[in-house]
Amino acid sequence: MGEEKAYIFRIASEQWVSQVFEMATYFTNIKRRWVSGQTILFLHKTHVGDAFVGYGVIDDVCGKDELSEEESRTCETGGWKRAIRFEYVKQFDKPLPVKETFLKNSNRRGRFVHGLGLSEAQLNEIMSQAED
778 MGEEKAYIFR IASEQWVSQV FEMATYFTNI KRRWVSGQTI LFLHKTHVGD AFVGYGVIDD
838 VCGKDELSEE ESRTCETGGW KRAIRFEYVK QFDKPLPVKE TFLKNSNRRG RFVHGLGLSE
898 AQLNEIMSQA ED
C-alpha cells in the first residue's frame, strides 16, 4: 500500500469511545511507526453497524514508563503497552457507516479492520464523506 497517511482504530466499547474523546488518548499494543501529525480514524459498532465516529491527529506516543500513574494503571488493566496522545480529537456529528465507504467491498470486517493503514486519497475520501 505504500506510505500510510492514516490508520483505523476500531474501538470495542462505548466506554472507550467516550474516554478517547474526553482524554484525547488511546491505549494500544499496535506497533507502527507512529508519526506526529498522522491521522487516526475511529471506528465503532453503532446502531447502523460499524461506522466511523471521529478522528484524531497524533501528537505523541508514550511507553508505559512515560505515563502518569493513572495512565500506567489503565495500561496495566487493559494489558496495553503504549498510549497515543492526540493533538486534538473530533467526533463526527453523525457516524459514517463503513458500508457507505470504499471499504464496503473489503473482505476485512469488524476487528480485522483495526490497525488498517490508509493512503492519503483514502483518508481524504472518508473525511469528505463524514463531513458532508
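The opening residue of the sequence shown carries number 778 in the numbering used here; numbering runs sequentially from there.
Every residue gets a Cβ at the ideal spot worked out from N, C-alpha and C, and that includes glycine.
On a predicted model such as this, the values are computed, not experimentally measured, just so you know.
Is the beta carbon of Val-834 closer than 8 Å to that of Pro-872?
Contact flag unset, no.
Relative to the alpha-carbon of Tyr-865, which residue among Leu-818, Thr-823, Arg-809 and Ser-790 has its alpha-carbon at the smallest distance?
Nearest C-alpha to Tyr-865: Leu-818.
Mapping DSSP to helix, strand and coil, what is Asp-870?
Note: Asp-870 maps to strand in three-state DSSP.
Could you work out which residue in Lys-782, Val-794, Glu-843 and Asn-806 is closest to Gln-868 when comparing CA atoms only?
That would be Val-794, whose Cα lies nearest to the Cα of Gln-868.
Leaving out the 5 sequence neighbours to the left and right, which residues in its chain are closer than 7 Å to Trp-811 when beta-carbon positions are compared?
So the qualifying residues of the chain are Ile-835, Val-838 and Ile-861.
Buried or exposed for Phe-829, please, with buried defined as at least 16 other CB atoms from any protein chain shown within 10 angstroms of its CB.
Buried.
Go ahead and label Ala-783 buried or exposed: buried means 16 or more other beta carbons lie within 10 angstroms of its beta carbon, across all protein chains shown.
Buried, by the Cβ-count rule.
Thinking C-alpha only, which one of Gly-814, Glu-902, Arg-859 and Ser-849 is nearest Leu-880?
The shortest Cα separation from Leu-880 among Gly-814, Glu-902, Arg-859 and Ser-849 belongs to Glu-902.
State the DSSP-derived secondary structure class of Thr-851, mapped to helix, strand or coil.
If DSSP states are grouped into helix, strand and coil, Thr-851 belongs with the helices.
Excluding the five sequence neighbours on either side, which residues of its own chain have a C-beta within less than 7 Å of the C-beta of Thr-851, listed in chain order?
Closer than 7 Å at Cβ, skipping near neighbours: Phe-804.
Would you check if the distance between the CB atom of Arg-809 and the CB atom of His-891 is smaller than 8 Å?
No.
Go ahead and label Asp-827 buried or exposed: buried means 16 or more other beta carbons lie within 10 angstroms of its beta carbon, across all protein chains shown.
Buried: at least 16 other Cβ atoms inside 10 Å.
Quick one, which of Ile-807, Ser-905, Thr-823 and Ser-813 has its alpha-carbon nearest Gln-792's?
Nearest of Ile-807, Ser-905, Thr-823 and Ser-813 to Gln-792, Cα basis: Thr-823.
Helix, strand or coil: how does DSSP classify Ala-907 here?
If DSSP states are grouped into helix, strand and coil, Ala-907 belongs with the helices.
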